[in-house]
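S.K.: For reference, each letter of the sequence shown is one residue, going 6 to 794 in my numbering.
Pasting a structure here, questions to come.
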Amino acid sequence: MLFAVYAVTAVLVLWLAHRFVVRLSRGAAVFLFLLPLAICGYPLIANRAMGPIDGSYMGPPLGVIRQQRGIGVPHNLVTTDIYTQMIPWRQVLRESVGRGEWPLWNPYILSGDILAAAAQPAPYSPFTLIALVLPAAMSFTFTASIAFLVAGLGAFAFARELGCRESTAAIGAAGWALANPMVLYVLWPLAFCWALFPLVLLAARRVVLAPGVRGGALLMVILTLLLLGGHPETVLHAVILGAVYGAIELAFVRRNALRALATAVVAGVTALLLSAIFLLPVFEALPQTAEYYWRNVLRSVDRLDTNLQVLVSLGTDFFPFLHIRGWHHPPGGGLKAETAAVGGIAVALAVYALIRARSRQTWTLGGFALFGLLAQAAWPPLMWTLHRVPGFDVTINERLGFAAACSLALLAALGAEQLLATRDFRNAALVMTCVLLVLTAGTLWITRSFDIEPIGHWGEYRVFAELGCLSLAALAVIARPRGVAIALVALLVAQRVLSEGGVHKSFAQSETFPPMHIFDPLPHVAEPFRVVGKGIALIPGTNAMYGLEDVRGYEAMTFRPYFQTYPVWSVHQTGFFNQVHDLTRPLLSMMNVRFAFASKWDGIPPGWRLLGEQGSATLLENTNVIERAFVPANVKIGPLDVDATVNEMDACPDFRKQAWITAPDVRTYERANGPGRVTALRRPRFGAYEADVAMDGDGWLIVSDSAWQGWRAYVDGRRVKIQRANLAFLSVYLTKGTHRVRLRYWPQSFVRGRMISLLTFLAVALFAFVYSRAPWREKDSSPHFSSRS
Numbered sequence: 006m007l008f009a010v011y012a013v014t015a016v017l018v019l020w021l022a023h024r025f026v027v028r029l030s031r032g033a034a035v036f037l038f039l040l041p042l043a044i045c046g047y048p049l050i051a052n053r054a055m056g057p058i059d060g061s062y063m064g065p066p067l068g069v070i071r072q073q074r075g076i077g078v079p080h081n082l083v084t085t086d087i088y089t090q091m092i093p094w095r096q097v098l099r100e101s102v103g104r105g106e107w108p109l110w111n112p113y114i115l116s117g118d119i120l121a122a123a124a125q126p127a128p129y130s131p132f133t134l135i136a137l138v139l140p141a142a143m144s145f146t147f148t149a150s151i152a153f154l155v156a157g158l159g160a161f162a163f164a165r166e167l168g169c170r171e172s173t174a175a176i177g178a179a180g181w182a183l184a185n186p187m188v189l190y191v192l193w194p195l196a197f198c199w200a201l202f203p204l205v206l207l208a209a210r211r212v213v214l215a216p217g218v219r220g221g222a223l224l225m226v227i228l229t230l231l232l233l234g235g236h237p238e239t240v241l242h243a244v245i246l247g248a249v250y251g252a253i254e255l256a257f258v259r260r261n262a263l264r265a266l267a268t269a270v271v272a273g274v275t276a277l278l279l280s281a282i283f284l285l286p287v288f289e290a291l292p293q294t295a296e297y298y299w300r301n302v303l304r305s306v307d308r309l310d311t312n313l314q315v316l317v318s319l320g321t322d323f324f325p326f327l328h329i330r331g332w333h334h335p336p337g338g339g340l341k342a343e344t345a346a347v348g349g350i351a352v353a354l355a356v357y358a359l360i361r362a363r364s365r366q367t368w369t370l371g372g373f374a375l376f377g378l379l380a381q382a383a384w385p386p387l388m389w390t391l392h393r394v395p396g397f398d399v400t401i402n403e404r405l406g407f408a409a410a411c412s413l414a415l416l417a418a419l420g421a422e423q424l425l426a427t428r429d430f431r432n433a434a435l436v437m438t439c440v441l442l443v444l445t446a447g448t449l450w451i452t453r454s455f456d457i458e459p460i461g462h463w464g465e466y467r468v469f470a471e472l473g474c475l476s477l478a479a480l481a482v483i484a485r486p487r488g489v490a491i492a493l494v495a496l497l498v499a500q501r502v503l504s505e506g507g508v509h510k511s512f513a514q515s516e517t518f519p520p521m522h523i524f525d526p527l528p529h530v531a532e533p534f535r536v537v538g539k540g541i542a543l544i545p546g547t548n549a550m551y552g553l554e555d556v557r558g559y560e561a562m563t564f565r566p567y568f569q570t571y572p573v574w575s576v577h578q579t580g581f582f583n584q585v586h587d588l589t590r591p592l593l594s595m596m597n598v599r600f601a602f603a604s605k606w607d608g609i610p611p612g613w614r615l616l617g618e619q620g621s622a623t624l625l626e627n628t629n630v631i632e633r634a635f636v637p638a639n640v641k642i643g644p645l646d647v648d649a650t651v652n653e654m655d656a657c658p659d660f661r662k663q664a665w666i667t668a669p670d671v672r673t674y675e676r677a678n679g680p681g682r683v684t685a686l687r688r689p690r691f692g693a694y695e696a697d698v699a700m701d702g703d704g705w706l707i708v709s710d711s712a713w714q715g716w717r718a719y720v721d722g723r724r725v726k727i728q729r730a731n732l733a734f735l736s737v738y739l740t741k742g743t744h745r746v747r748l749r750y751w752p753q754s755f756v757r758g759r760m761i762s763l764l765t766f767l768a769v770a771l772f773a774f775v776y777s778r779a780p781w782r783e784k785d786s787s788p789h790f791s792s793r794s
């Protein structure tokens, strides 16, 4: 099934590229089709889930069946985000679409959280939508394969655009698709967006050389795919670099400048309008997040690495065996995941291109490579400058290493083209030999002079791959065989597979979140409830795969008021989920935590009872749980200082008796609330509740879902104001009597964005229909331009 979905999608992508971007011979199409299999071949064909599934087995309850399932220790802890964020998000998307709902709300983490507005789920990307036909964990094998295909295709097309023949363009395709940053991050939207970078450059060049509808349409499509890809930071980096490249081209072409600029602006604006359904909710959500606050604080702080840290980072770009290995002595860091490594063969060919293939394109790409290398290494003068550029002051600019890797791969293609076009085998062999000697000497010096963390579960063949394959490549150039380009492609692919092929492990479908009898009591509970794990039990994200809602979570956009409650019930961890160590904290009961997973060695805390167990894992039930919707006995109302309220909540023994209502426009006061009771509570869809409430007096109804902007409340059919309760949760004021209360997460930003995107799509479709039948349309006899300059 996996391979079939990939095959159909890949053939469609290659056909569209052949039709509208660059002509592909059968050999080129087959090469690009097979290129992702260098990394994903086994999981694709064997129908396995590619990703860190083993991480979910670190704690109970899955940990008790780890040996039974043949699961070892986590293979690659760097990819933790995949099983804690990406796979669960994909699962919620599948459920939302399967229920016929817009993917707006994620009930499974953080007491309810945004979904589409979190950006990284990328719910409107066509590649995400295709992936939804597969089980969530399995779908990431498809996602990785398509990301490699798009990266390879983009680099191939752009190299052809610059005048490379297919065999040398294949070097650029393999170098970029199999570069270290692409392979490591391929399961993240970060890499998927960067995979489109060569196509951004290609489209910018087309707009400059032949401004008009065709070039503008290509740029519009690529920018739309980039925007919908789910990583706004990469959009900023890629678009700015694409604009710089276009400006350089325009400065040399010096014709049709106004038309080219107009074409680019129209394409960009149209892409933004098409993506409004995705962008507007993201922009609305960002200011509400804790991360937004932190990054604004960081604007006033210069984040500068030491000279040693800069050198260590640069070292990973040319000595891939150093990537993600800590330096014990001297303590120079080294654990940074960002790198621009593309392998010794690509580096040697790139150096040869800069020396022998002097042209505007090589110098431009060389400048991009240098800029990306220095940014990835966090060179202080450059980082100080970027820190003062709007947008770049809040982004992780070390990720510009992707641009360096792409530029080096494209330079390698240009170098190979220069080699074949001029038959300059002697100088090429000399350059490759010099690079080999430098890398060999550097490897010996580093390994003998520094104490570096041992190699983990992958990467043991990196040194052999770098030096051995580069030696064979130099010998191939010296021997001057007729198929030297094919030999270089084969050696480059072999080098990258030997070096990076083990980054991601794959697992059988039966090993991905298997059923366990400890979960059996939970599906029979009718009313809404939440769960929690003590310590690392039921690592957040895992719960979503079993249809369980958790109060913990881990993502890049955390609701700031919710984050402010962490000290009352959990322990914050930088870069991972907040842990719960004390199950007796009263706020857990208020958040509707009815069940908890723990280890039998933790014992049973007061107020909890044992409900089930499996091996050393236990399932506990909270006897003090508060219903999802309830009416507290007393409330404190007013602007409410956050720190003071946190302290008061921390001392509160029972949230049935006391609540805090945030009301900025009134003076703080306390009063009795209600009394009242919820007689019925229904949840017709994700992010929606219907409650029947009987109030014996005026007061507030509290629903323990996170109160992101976008919730709407209706009492007896009339829309009313929502106020935050207990800092972060929903509350509605009700008068005495019986009421029907309806709550729905339906943000206005989504409503407006959906309308804008729909109208823009219809306008583009109408224009395309009229244009295709107009006698005055552009007569372009070729789907691609080719110019060596």
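Just so it is clear, CB atoms sit at the ideal spot from N, CA and C, and this is done for glycine as well.
Computed from a predicted model, the values in this text were never measured in an experiment.
(1) Return the Cβ separation of Gly-168 and Leu-37 in integer angstroms, given the expectation that the two are a contact with Cβ distance under 8 Å.
(2) Which residue wins for smallest C-alpha separation from Thr-146, given the options Leu-7, Phe-163, Gly-32, His-577?
(3) What are the complete beta strand (DSSP E) segments, minimum 3 residues, inside the stretch 318-386?
(4) Within a Cβ cutoff of 7 Å, which residues of the same chain sit near Arg-759, ignoring the five residues on either side of it in sequence?
(5) Does DSSP put Val-708 in a helix, in a strand, or in coil?
(6) Leaving aside the five residues before and after His-333 along the sequence, list all residues of the same chain whose C-beta is less than 6 Å from its C-beta, in chain order.
(7) In the DSSP assignment, find the unbroken beta strand (DSSP E) run with Asp-703 in it and report its ends.
(8) For Ser-621 and Gly-64, I'd like the C-alpha separation in whole angstroms.
(9) To the nearest whole angstrom, what separates the beta carbons of Val-97 and Ala-549, a pair I think is in contact under 8 Å?
(10) In terms of alpha-carbon separation, which member of Ala-664, Ala-484, Ala-209, Lys-510 lies closest to Ile-227?
(11) Between which two residues does the beta strand (DSSP E) harbouring Ser-736 extend?
(12) Tell me where the alpha helix (DSSP H) around Glu-289 begins and ends.
(13) Quick one, which of Val-270, Val-212, Met-437, Leu-748 has its alpha-carbon nearest Ile-253's?
(14) Three or more C-beta pairs under 8 Å: does that hold for the stretch 289-302 against the stretch 559-577?
(15) If contacts are defined as beta-carbon pairs under 8 Å, then Val-798 and Val-537 qualify, I think. What distance do you get, rounded to the angstrom?
(16) Which residues mark the beginning and the end of the beta strand (DSSP E) in which Trp-94 is found?
(17) Can you grab the Cα-Cα spacing for the pair Leu-42 / Gly-247, in whole Å?
(18) Going by CA-CA distance only, name the one from Asn-261, Ser-364, Ala-696 that's closest to Gly-722.
(19) Going by CA-CA distance only, name the one from Ile-707, Gly-679, Gly-692, Tyr-694 that's closest to Asp-701.
(20) Once the 5 residues before and after Val-356 are set aside, which same chain residues still bring their CB inside 7 Å of it?
(21) Using the Cβ count rule (16 or more neighbours within 10 Å means buried), how would you classify Ala-200?
(22) Using the C-alpha atoms, what's the distance from Ala-215 back to His-23?
(23) Exposed or buried, Glu-458, counting other C-beta atoms within 10 Å across all chains shown (16 or more means buried)?
(24) Measuring CB atoms only, is the stretch 503-516 touching the stretch 460-480, in the sense that at least three cross pairs come out at less than 8 Å?
(25) Going by CA-CA distance only, name the one from Ile-135, Gly-75, Asp-59, Leu-29 that's closest to Tyr-11.
(26) Where does Trp-751 sit, in a helix, a strand or coil, going by DSSP?
(27) Between which residues of its own chain and Leu-29 is the CB-CB distance below 6 Å, once the five residues before and five after are set aside?
(28) Just to check my reading of the structure: Asp-240 and Ala-122 have Cβ atoms closer than 8 Å, yes? What is that Cβ distance to the nearest angstrom?
(29) What is the rounded straight-line gap between the Cα of Leu-391 and the Cα of Thr-628?
(30) Taking just the CA atoms, how far does Arg-590 sit from Arg-304?
(31) Using the Cα positions of Leu-593 and His-586, report the straight-line distance between them to the nearest angstrom.
(32) By how many angstroms is the C-alpha of Asp-703 removed from the C-alpha of Trp-713?
(33) Which whole-angstrom value is the C-beta distance of Ala-603 and Lys-662, which I expect to be below 8 Å?
(34) For Ala-418, I'd like the list of residues in its chain whose CB is within less than 6 Å of its CB, leaving aside the five on either flank, ordered along the chain.
(35) How many angstroms separate the CA atom of Arg-690 from the CA atom of Ala-269?
(36) Between which two residues does the beta strand (DSSP E) containing Gly-617 stretch?
M.R.: With the structure as the only source:
(1) Actually they do not touch by this definition, with Cβ atoms about 19 Å apart.
(2) When only C-alpha atoms are compared, the closest one is Leu-7.
(3) The stretch 318-386 contains these whole beta strand (DSSP E) runs: 332-334.
(4) Once the five neighbours on either side are set aside, the close Cβ partners of Arg-759 are Ile-282.
(5) Three-state DSSP puts Val-708 in a strand.
(6) Cβ neighbours of His-333 within its own chain (closer than 6 Å, five residues either side excluded): Asp-456.
(7) First-last for Asp-703: undefined, no H or E at that position.
(8) Between Ser-621 and Gly-64, the C-alpha separation is close to 10 Å.
(9) Correct: roughly 6 Å between the Cβ atoms.
(10) With distances taken between Cα atoms, Ile-227 lies closest to Ala-209.
(11) Annotation: the continuous beta strand (DSSP E) that includes Ser-736 extends over 734-739.
(12) 281-290 is the extent of the alpha helix (DSSP H) around Glu-289.
(13) Comparing Cα positions, the closest option is Val-212.
(14) Counting Cβ pairs under 8 Å, three or more are found: they touch.
(15) Any question about residue 798 goes unanswered here, given that the chain covers just 6 to 794.
(16) For Trp-94, no beta strand (DSSP E) encloses it; the enclosing alpha helix (DSSP H) starts and ends at 92-103.
(17) For Leu-42 and Gly-247, the distance between alpha carbons rounds to 29 Å.
(18) Ala-696 is the residue among Asn-261, Ser-364, Ala-696 whose C-alpha sits nearest the C-alpha of Gly-722.
(19) Considering only alpha carbons, the answer is Gly-679.
(20) Excluding its 5 nearest sequence neighbours in each direction, Val-356 has C-beta neighbours in its own chain below 7 Å: Val-436, Val-440, listed in chain order.
(21) Result: buried.
(22) Looking at the two C-alpha atoms, the distance is approximately 19 Å.
(23) So Glu-458 ends up on the exposed side.
(24) The stretch 503-516 is in contact with the stretch 460-480.
(25) Per the Cα distances, Ile-135.
(26) Coil, per DSSP.
(27) Here Leu-29 has His-23 as same chain residues with Cβ atoms under 6 Å from its own Cβ, once five neighbours each way along the sequence are excluded.
(28) It is Val, not Asp, that sits at residue 240 in the sequence shown. With 8 Å as the limit, Val-240 and Ala-122 do not qualify as a contact, their Cβ atoms being about 16 Å apart.
(29) Between the C-alpha atoms of Leu-391 and Thr-628 there is a straight-line separation of about 54 Å.
(30) Roughly 36 Å separates the two Cα atoms.
(31) Distance from the CA of Leu-593 to the CA of His-586, rounded to the nearest whole angstrom, comes to 11 Å.
(32) The alpha-carbon atoms of Trp-713 and Asp-703 are separated by roughly 25 Å.
(33) With 8 Å as the limit, Ala-603 and Lys-662 do not qualify as a contact, their Cβ atoms being about 27 Å apart.
(34) If we look at Ala-418 and ignore the five residues flanking it on each side, its Cβ neighbours are Ala-164, Cys-169, Thr-173, Ala-174, Ile-176, Gly-177.
(35) Just so you know, the alpha carbons of Arg-690 and Ala-269 end up roughly 41 Å apart.
(36) Counting along the chain, the beta strand (DSSP E) containing Gly-617 begins and ends at 613-619.
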